[in-house]
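Undergrad: Residue numbers (UniProt numbering): 1 to 589.
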């Protein structure tokens, strides 16, 4: 009997092994977006070297803002394409049954298992964080009121966010801007978050780019393509390439930056967003925590993440900025939308000095740095007040400065593009600040002027009609030094007015703050608009006044701009510039 049972057991073992192997291969194939993307792209894009119109976004005019119109169009297209692909594959005569099994395994077996595994991984990471929370109550307090134990705990939060991956790095960077919710010490620590993402293989890059080009070879579009990425972020990595003359905008060589989304990043981020929603809803149940409105904040963060996953949105943002700034005082890279897609963005390379390098110049060159500050602040105020279309990621790494010659009357650039590129290449090779400053002083004497260049427009802020009206009302109250009215407006027009505590005390605090500002009249060395807004956000946090996320993003952008502007020009009075721009107007760009 034992001998008879052996073949049966052996056969069963073989069947189980084969079944397990087939399951693993099927699951891998289901998850392998590279293969799917290649097949889908070859089916969608027939025209060689130029994408079909199906790949271009048409803004949903029903949405309250242009940016939300792009987001809605992107998500609708993604859902429709996914449903259509499934429908076509399931309707195939001979292999349809295989796709039914594939998607059933993917939706009901593979994805739930991976989600639970990710949940366990995140729980193991963040349970120690919760266990060590009591240390925030111990140690000496600094000027901001944070204990030494709290600072240590904040550092742990940052390290765990980096370990948790791209979604949580982005979440931490977003949280760093929300000083209306989180303590300033925590926000400053989270602002130091950086992506530890590993670059994906050039093989994947080649395949996803060629699928974007309808199966045509990479060499047919680019004369040169450096396989080593020049930058790698949590969502995508960037390469430097040289366009074929068929696609170059000018006769001279056209170098471009090519951004490529990491493989499977959409699936990973969507999985993490589901878990974030779960945790946010769990925290929202806790008494005294509902004022944070965490489920709504996670939804807003989810929109920001999904917008960055469709690189065409960044391309459309660049085109809109170029429409808003048609002159050459402020420059944005040109996106090549005809050879870009959801996962690939090709845009003009900007050759200039990074703002980080300009800020390092501490001696001399005051005329140059003041001119840089004036151009940058005027452009920002135009975005803020006139256009209501604000670059929401204006840190020094996304600002470049070129030096060009201009006509004295028309202010138009007269220097040759190629000549300017060569000049910038020479300046970028200078590593010593004193030597660079001497070169810039020399250029100033020769009639060169700075040209501000802004890149990475994936994040843009627009206020809808209600928020814009609230912003204008608040700005008018502050410009008239009516602090009590400003405090009243902040409470009445917050997201949850009923959750605010000690509302009368809050209004009086805002009134006292504005009165102090009025007495000093924003003179040199006194309080700045950044200090004013920073202190207001502290009051907002302590009194549980829930401001809209886009509104806070605008305030954070103002803080960033004034911080950079004052490093370039210590005499900068941003509040006075705001009032002047509001009442008089803006330079012509």
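We put the CB at the ideal spot given by N, CA and C, even for glycine.
1) Would residue 236 and residue 321 qualify as a contact pair, given that the criterion is a beta-carbon distance under 9 Å?
2) Sorted by chain position, which residues of the same chain lie with C-beta nearer than 8 Å to residue 75's C-beta, five sequence neighbours on each side aside?
3) What are the boundary residues of the beta strand (DSSP E) that residue 402 is part of?
4) Count the other CB atoms within 10 Å of the CB of residue 153; is the residue buried (16 or more) or exposed (fewer)?
5) Does the contact criterion of 3 or more C-beta pairs under 8 Å hold for the segment 302-318 versus the segment 342-356?
6) By Cβ distance, which residues of its chain are closer than 6 Å to residue 459, with the 5 residues on each side in sequence left out?
7) Exposed or buried, what is residue 104 when buried is set at 16 or more other beta-carbons lying within 10 Å of its beta-carbon?
8) Looking only at its chain, what residues have a beta carbon closer than 6 Å to the beta carbon of residue 487, apart from the 5 residues adjacent to it on each side?
9) Compute the beta-carbon to beta-carbon distance between residue 390 and residue 383, rounded to the nearest angstrom, for a pair I have assumed lies under 8 Å.
10) Judging by CA-CA distance, which residue of 577, 234 and 224 is the nearest neighbour of residue 245?
11) Give the DSSP-derived three-state secondary structure of residue 227 in the structure shown.
12) Give the DSSP bridge partners of residue 567, in chain order.
13) State the start and end residues of the unbroken alpha helix (DSSP H) segment that holds residue 484.
14) Give the range of the beta strand (DSSP E) segment to which residue 345 is assigned.
15) For residue 64, collect the residues of the same chain with a Cβ closer than 8 Å to its Cβ; drop the 5 residues on either side in sequence, then sort them by chain order.
16) Indicate the three-state DSSP secondary structure (helix, strand or coil) for residue 147 in the structure shown.
17) Three Cβ pairs or more, each shorter than 8 Å: is that satisfied between the segment 198-217 and the segment 173-184?
18) Sorted by chain position, which residues of the same chain lie with C-beta nearer than 8 Å to residue 25's C-beta, five sequence neighbours on each side aside?
19) Closest to residue 133 by CA distance: which of 81, 156 and 170 is it?
20) Please work out which residues of its chain come closer than 7 Å, Cβ to Cβ, to residue 301, disregarding the five sequence neighbours upstream and downstream, and give them in chain order.
21) Would residue 452 and residue 501 be called neighbours here (beta carbons separated by less than 9 Å)?
22) Nearest to residue 518 by CA position, among 542, 554 and 481, is which residue?
23) Reducing DSSP to helix, strand and coil, say where residue 222 ends up.
24) What residue ranges within the segment 92-158 form continuous alpha helix (DSSP H) runs of no fewer than 4 residues, ordered along the chain?
25) Return helix, strand or coil for residue 287, following the three-state DSSP convention.
26) If you compare alpha carbons, which of 576, 470 and 417 is closest to residue 331?
27) Count Cβ pairs between the segment 158-169 and the segment 268-282 that sit closer than 8 Å; are there 3 or more?
28) Using the Cα positions of residue 402 and residue 396, report the straight-line distance between them to the nearest angstrom.
29) For residue 218 and residue 421, what's the separation of their Cα atoms in angstroms?
30) CB residue 497 to CB residue 368, shorter than 9 Å?
31) Ends of the beta strand (DSSP E) at residue 243?
32) Would residue 542 and residue 291 be called neighbours here (beta carbons separated by less than 9 Å)?
33) Using 8 Å for Cβ pairs, my map puts residue 199 next to residue 495. What's the rounded Cβ distance?
34) Using the three-state DSSP reduction, which class does residue 63 fall into: helix, strand or coil?
35) Buried or exposed, going by whether 16 or more other CB atoms sit within 10 Å of the CB of residue 71?
36) Less than 7 Å between C-beta atoms, sequence neighbours within five positions excluded: which residues of the same chain meet that for residue 59?
TA: Let me spell this out:
1) no
2) 306
3) 399-405
4) buried
5) yes
6) 392 and 393
7) exposed
8) 506, 507 and 510
9) 5 Å
10) 224
11) coil
12) According to DSSP, residue 567 bridges with nothing at all.
13) 483-492
14) 344-348
15) 464 and 465
16) strand
17) no
18) Reliability of the predicted coordinates at residue 25 is poor, the pLDDT of 41 falling under 50, and the value obtained from them is presented with this limitation in mind. Around residue 25: no qualifying Cβ.
19) 156
20) 171 and 174
21) no
22) 481
23) strand
24) 96-105 and 111-131
25) coil
26) 417
27) yes
28) 14 Å
29) 26 Å
30) no
31) 236-243
32) no
33) Rounded, the Cβ-Cβ distance is 40 Å, inconsistent with contact.
34) coil
35) buried
36) 66, 69, 70 and 73
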